[in-house]
Amino acid sequence: MHRIAVACAALLVAVGSTSALADATAQSALARLFTSKQIEAAWFADSFLQQVPASQVQTIVGQLVAQLGAFKSVKPEGAKYRVNFEHGDDLASIVLDPSGRITGLFFEAPLRYAANFQSAFDAFKQLPGSVSVYVADNGAQRAALAADAQLAVGSTFKLAVLAAVQQAVATHATSWNAVVRLDARQKSLPSGVLQTWPDGALLTVYSYAALMISQSDNTAADVLLDLAGRSAVERYGPRNRPFLTTREAFVLKDPRNASLVKHYRASDTAQRRQLLSQIDLLPLPDASIFAGAPQDTDIEWFFTTRELCALMAGVQRLPLMSINPGVAEPADWTRVAYKGGSEPGVLNLTTWVVSKNRHSYCVSATWNDDKPVDELEFFGLYKSLLSTLKS
-11 MHRIAVACAA LLVAVGSTSA LADATAQSAL ARLFTSKQIE AAWFADSFLQ
39 QVPASQVQTI VGQLVAQLGA FKSVKPEGAK YRVNFEHGDD LASIVLDPSG
89 RITGLFFEAP LRYAANFQSA FDAFKQLPGS VSVYVADNGA QRAALAADAQ
139 LAVGSTFKLA VLAAVQQAVA THATSWNAVV RLDARQKSLP SGVLQTWPDG
189 ALLTVYSYAA LMISQSDNTA ADVLLDLAGR SAVERYGPRN RPFLTTREAF
239 VLKDPRNASL VKHYRASDTA QRRQLLSQID LLPLPDASIF AGAPQDTDIE
289 WFFTTRELCA LMAGVQRLPL MSINPGVAEP ADWTRVAYKG GSEPGVLNLT
339 TWVVSKNRHS YCVSATWNDD KPVDELEFFG LYKSLLSTLK S
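Quick look at the structure:
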């Protein structure tokens, strides 16, 4: 998601309790972002600018206009605001301090209006690089674009980890209530929060799973992969052998380990498994090295969109799958289950939705490219496709 500097969660909650005057002020502050030729730093609190410069907000606003057309209006919608454009709309949250400066700003995935399902689906064909899209309607294929292409999917691989844990619970090898200690060796890089928790912290299996899915917590995923067993997870992702933990993937992508990754690439599966013990002894790189161009995207997790919908079908009823709805608007559906994943050059969104007329759909879309992909554009195409299914 494109999250533009939220100072703290409490500030976003405050949006819902503003007075009519403050609401009008917030509405006009949002409109000003789209009607002014230049966004001014003076419109933002210092706490905001310390995280995001005004120039970055200008870039995001420009991207929204480029994708959705000319700005038309801003209207309140519950605790949020619907920003209307010529060819689409977007939901936004905004928080102002007492002097009217912006302290929090959040744009959700944009919606570009589509004439019908087919036109929304066909729009994916215009993207550069490798694109795969699969749509299932009550379990049957409705549309497919390279649905059997084996592409990198980032953190959406965590559906396979969850499937293996669910199976372990079903066979009484563990339980959702079982308490598992967080080992220092299992700590990974963000996304997530558990890498900052103390060694030896105690969490239930359910808590790890909820963090892995809703926050894409990498450390939680590695703990659960250890718990379920690598071989058990590999049954849900057979071409990913050995099935890497996120920590192992980060270490392999570390430029300091170039000779190791070269050896890893040249090795067969058995040899790669032997290398894992060596990989586990190496320190994690700094997270900042992954912020730029795509890096070693062959060190990843590979699934087809058809496979991801099959995995989603097996876990979508778990309540934890609905904590984070992704780009879907929960009010449009009776139930939403979601997992996505990304790194530079890699993006996947996989969503299971149940419509008001009780139809279930799975929509999985993957985009790989040798340069960073335009997440905002992809989110817009995906949300547009979802919107054609809701009625």
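According to my numbering, the sequence shown is numbered sequentially starting from -11.
We treat Cβ as the ideally placed atom computed from N, Cα and C, and that holds for glycine.
In terms of residues, what are the limits of the alpha helix (DSSP H) holding I267? Locating residue 267 in the sequence shown gives position 279, counting from the first residue. In the DSSP annotation of this structure, the continuous segment of the alpha helix (DSSP H) that includes I267 starts and ends at T257 to I267.
Distance between beta carbons of I82 and W31, contact taken as under 8 Å: By 1-based counting over the sequence shown, the position of residue 31 is 43. By 1-based counting over the sequence shown, the position of residue 82 is 94. Contact flag wrong, Cβ pair sits at about 11 Å.
Rounded to the nearest angstrom, what separates S43 and Q51 at their Cα positions? Here residue 43 refers to the residue found at position 55 when the sequence shown is read from its first residue. Here residue 51 refers to the residue found at position 63 when the sequence shown is read from its first residue. S43 and Q51: Cα-Cα distance of roughly 12 Å.
Buried or exposed: C(-4), going by 16 or more other Cβ atoms within 10 Å of its Cβ? Locating residue -4 in the sequence shown gives position 8, where the first residue counts as 1. Since pLDDT at C(-4) reaches only 30, below the 50 mark, its modelled position is unreliable, and the value read off the structure follows with that caveat. By the neighbour-count rule (16 or more Cβ atoms within 10 Å), C(-4) is not buried but exposed.
Is it true that the CB of L299 sits closer than 8 Å to the CB of A151? Translated into positions along the sequence shown, residue 151 becomes position 163. Translated into positions along the sequence shown, residue 299 becomes position 311. It is a contact, given that the beta carbons lie within the stated cut-off.
So for L0, helix, strand or coil by DSSP? By 1-based counting over the sequence shown, the position of residue 0 is 12. Confidence at L0 is low in this model, with a pLDDT of 33, below 50, so the placement of that residue is unreliable and no value is reported for it.
Uninterrupted alpha helix (DSSP H) stretches inside the segment 96 to 153 (no shorter than 4 residues): 105 to 110, all fully within the segment 96 to 153.
Does the segment 289 to 298 come into contact with the segment 308 to 320, if we say contact requires no fewer than three beta-carbon pairs (one atom in each stretch) closer than 8 Å? no
Is it the case that the segment 142 to 149 contacts the segment 217 to 232, given that we only count it when at least three CB pairs across the two stretches are under 8 Å? Yes: at least three Cβ pairs fall under 8 Å.
Determine whether the beta carbon atoms of F381 and L374 lie at a separation below 8 Å. Residue 381 cannot be examined here, being either before or after the span of the chain that is shown, -11 to 379.
Where does Y194 sit, in a helix, a strand or coil, going by DSSP? Numbered from its first residue, the sequence shown carries residue 194 at position 206. Of the three classes helix, strand and coil, the one that applies to Y194 here is helix, per DSSP.
With 16 as the cutoff for other CB atoms within 10 Å, does L190 come out buried or exposed? Locating residue 190 in the sequence shown gives position 202, where the first residue counts as 1. L190 is exposed by the Cβ-count criterion.
Secondary structure at R169, three-state DSSP: helix, strand or coil? Here residue 169 is taken as the residue at index 181 of the sequence shown, counted from 1. Residue state, collapsed to three classes: strand.
Whole-angstrom distance between S163 and D284, CA atom to CA atom: On the sequence shown, position 296 is the one that residue 284 refers to. On the sequence shown, position 175 is the one that residue 163 refers to. Going by the C-alpha atoms only, they are around 36 Å apart.
Going by DSSP, what residue range makes up the beta strand (DSSP E) through A80? Stepping through the sequence shown from its first residue, residue 80 is reached at position 92. G76 to L84 is the extent of the beta strand (DSSP E) around A80.
With T47 as the anchor, note down where its alpha helix (DSSP H) starts and where it stops. Working through the sequence shown from its first residue, we reach residue 47 at position 59. Unbroken alpha helix (DSSP H) run through T47: A42 to L56.
Backbone CA spacing between T257 and G88 [nearest angstrom]: Position 269 of the sequence shown holds residue 257. Position 100 of the sequence shown holds residue 88. Straight-line Cα distance between these residues: approximately 59 Å.
Look at the alpha carbon of L248 and the alpha carbon of L18, and state the distance between them as a whole number of angstroms. The residue labelled residue 248 in the question sits at position 260 within the sequence shown. The residue labelled residue 18 in the question sits at position 30 within the sequence shown. Whole-angstrom Cα-Cα distance: 50 Å.
Bridge partners - R323, DSSP secondary structure assignment: Working through the sequence shown from its first residue, we reach residue 323 at position 335. In DSSP, R323 forms a bridge with V342.
Between the Cα of K68 and the Cα atoms of L93, K60 and P313, which residue gives the shortest distance? Counted from its first residue, the sequence shown places residue 68 at position 80. Checking every option, the nearest Cα to that of K68 belongs to L93.
Determine whether the beta carbon atoms of Q174 and D205 lie at a separation below 8 Å. Mapped onto the sequence shown, residue 174 falls at position 186. Mapped onto the sequence shown, residue 205 falls at position 217. It is not a contact, given that the beta carbons lie outside the stated cut-off.
Ends of the beta strand (DSSP E) at E363? As a working mapping, residue 363 is identified with position 375 in the sequence shown. Unbroken run through E363 is the alpha helix (DSSP H), E363 to S375; no beta strand (DSSP E).
Counting C-beta neighbours from all protein chains within 10 Å, is the total for S5 16 or more, i.e. buried, or is it exposed? By 1-based counting over the sequence shown, the position of residue 5 is 17. Because S5 sits at a pLDDT of 37, beneath the cut-off of 50, its placement in the model cannot be relied upon, and the point is left open.
To which residues does DSSP link Y69 through a beta bridge? Here residue 69 refers to the residue found at position 81 of the sequence shown. Paired residues: P64 and A80.
How would you write the range of the beta strand (DSSP E) that T354 sits in, first residue to last? Taking the sequence shown and counting its residues from 1, the one referred to as residue 354 is at position 366. Unbroken beta strand (DSSP E) run through T354: S348 to N356.
DSSP three-state assignment for G302, whether helix, strand or coil: Walking along the sequence shown from the start, residue 302 turns up at place 314. When DSSP states are grouped into helix, strand and coil, G302 belongs to the helix group.
In chain order, what residues of the same chain lie with their CB nearer than 8 Å to the CB of Q183, ignoring the 5 residues before and after it? On the sequence shown, residue 183 is found 195 positions in, with the first residue counted as 1. The answer, listed in chain order, is K175, S176, L177, N206 and T207.
Taking C-beta to C-beta, are L337 and A353 nearer than 8 Å? Taking the first residue of the sequence shown as position 1, residue 337 is located at position 349. Taking the first residue of the sequence shown as position 1, residue 353 is located at position 365. Closer than 8 Å, so yes.
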